[in-house]
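Under the working numbering, the first residue of the sequence shown carries the number 387, and numbering increases by one thereafter. Every residue, glycine too, gets a C-beta built ideally from N, C-alpha and C. I have placed the structure first, in the form of structure tokens, so that the comments after it can refer back to it.
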Amino acid sequence: MKPFTLPTPFPTPIPVSAQWLLAIAAAASVLGVAMPAGLAQERQGCFMITQTGRLIDLSDICPSAQPFTPPAQASSTPTLGTGDIQVTLRWTTTDDLDLAVRDPSGNIVAYYNRSVPSGGQLDVDANAGCGEQNTSPIENIFWPSGGAPQGQFSIEVNLFTRCPGGGGGSIPFNLTLLVQGTTRTIEGSVSDQQPVANFPFSLPMQAAQR
Numbered sequence: 387m388k389p390f391t392l393p394t395p396f397p398t399p400i401p402v403s404a405q406w407l408l409a410i411a412a413a414a415s416v417l418g419v420a421m422p423a424g425l426a427q428e429r430q431g432c433f434m435i436t437q438t439g440r441l442i443d444l445s446d447i448c449p450s451a452q453p454f455t456p457p458a459q460a461s462s463t464p465t466l467g468t469g470d471i472q473v474t475l476r477w478t479t480t481d482d483l484d485l486a487v488r489d490p491s492g493n494i495v496a497y498y499n500r501s502v503p504s505g506g507q508l509d510v511d512a513n514a515g516c517g518e519q520n521t522s523p524i525e526n527i528f529w530p531s532g533g534a535p536q537g538q539f540s541i542e543v544n545l546f547t548r549c550p551g552g553g554g555g556s557i558p559f560n561l562t563l564l565v566q567g568t569t570r571t572i573e574g575s576v577s578d579q580q581p582v583a584n585f586p587f588s589l590p591m592q593a594a595q596r
């Protein structure tokens, strides 16, 4: 009886890119191994390399490579609510600043009271309790179109707490105030010595506030 022997495994087809072909050719040159001329050329496709160094093109039977598509990056800018009134606070540190707006009835929209009966809403809060530590934070309060009451309002920006990486000194901020289609930009700052800044406005907006 003849002894049983395992059959010689058939070489497994492997996809080889141009970079791999160049690397194989370079390694063969260093080791003094003669490689087929076609192997050293820049080619892309599916190939099988035999034990003798022969390169067999298998492009007809291998699935075509799909181009790599990087995953879509989520936008870092939140969607901001708007309407008759929109107040948007921006600053550039990781510190926790808080935006609040008092309506003509004395109700306050803030992180601890995100909506009031007059329709005001806080829809974006940033760096709350130093948990997020965004370096381009945004906070936003708005009244939907047709829902804002007329009268005197007051905006408050408060330095709630310092956060790691925020540094010291005063913290500059920018307020964008939109009242029935008219936009006004307000700049200010808060610090440990002056942690609160207030800015009044009215609906309808007075000429002096434009």
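Which residue's Cα is closest to the Cα of residue i: the options?
{"i": "arginine 570", "options": "Pro581, Phe585, Pro558", "result": "Phe585"}
{"i": "tryptophan 477", "options": "Val543, Gln580, Val565", "result": "Val543"}
{"i": "aspartate 470", "options": "Gly537, Ser575, Gln579", "result": "Gly537"}
{"i": "proline 464", "options": "Val487, Asp511, Arg488", "result": "Asp511"}
{"i": "isoleucine 447", "options": "Arg488, Gly555, Cys432", "result": "Cys432"}
{"i": "leucine 545", "options": "Met434, Gly515, Pro535", "result": "Gly515"}
{"i": "isoleucine 557", "options": "Gln566, Ser575, Thr436, Thr568", "result": "Ser575"}
{"i": "serine 529", "options": "Ile572, Gly467, Thr568, Asn499", "result": "Residue identity differs from the one stated: residue 529 is tryptophan in this sequence, not serine. Ranking Ile572, Gly467, Thr568, Asn499 by Cα distance to tryptophan 529 puts Gly467 first."}
{"i": "proline 581", "options": "Thr521, Asn520, Tyr498, Gly554", "result": "Gly554"}
{"i": "asparagine 499", "options": "Asn520, Asn513, Ile527, Thr521", "result": "Ile527"}
{"i": "serine 531", "options": "Asn513, Thr521, Asn520, Gln566", "result": "Gln566"}
{"i": "glutamate 573", "options": "Gln579, Phe559, Gly439", "result": "Phe559"}
{"i": "alanine 583", "options": "Gln437, Val487, Thr438", "result": "Val487"}
Under a three-way DSSP split, which group does residue i fall into?
{"i": "alanine 514", "result": "helix"}
{"i": "glycine 506", "result": "coil"}
{"i": "serine 522", "result": "coil"}
{"i": "methionine 599", "result": "What is shown of the chain runs 387 to 596, which leaves residue 599 out entirely."}
{"i": "serine 491", "result": "coil"}
{"i": "cysteine 549", "result": "coil"}
{"i": "aspartate 482", "result": "strand"}
{"i": "aspartate 443", "result": "strand"}
{"i": "alanine 534", "result": "coil"}
{"i": "arginine 570", "result": "strand"}
{"i": "leucine 564", "result": "strand"}
{"i": "serine 540", "result": "strand"}
{"i": "serine 501", "result": "strand"}
{"i": "serine 577", "result": "coil"}
{"i": "leucine 466", "result": "coil"}
{"i": "threonine 474", "result": "strand"}
Considering only their Cβ atoms, is the gap separating residue j from residue i smaller than 8 angstroms?
{"i": "glutamate 525", "j": "leucine 475", "result": "yes"}
{"i": "isoleucine 541", "j": "leucine 561", "result": "yes"}
{"i": "aspartate 489", "j": "proline 523", "result": "no"}
{"i": "leucine 485", "j": "valine 473", "result": "yes"}
Would you please state the rounded distance, in angstroms, between the beta carbons of residue i and residue j? I believe it to be under 8 angstroms.
{"i": "serine 577", "j": "phenylalanine 539", "result": "Incorrect: roughly 24 angstroms between the Cβ atoms, too far for contact."}
{"i": "isoleucine 435", "j": "leucine 444", "result": "With a Cβ gap of about 11 angstroms, isoleucine 435 and leucine 444 do not count as contacting."}
State yes or no: is the C-beta of residue i nearer than 7 angstroms to some heavy atom of the ligand ATP?
{"i": "serine 522", "result": "Absent from the structure shown: the ligand ATP. Ligands present: none."}
| Just checking, does the segment 468-483 make contact with the segment 543-562 on the three C-beta pairs under 8 angstroms criterion? | yes
| Per the contact definition of three or more C-beta pairs closer than 8 angstroms, is the segment 485-494 in contact with the segment 504-516? | yes
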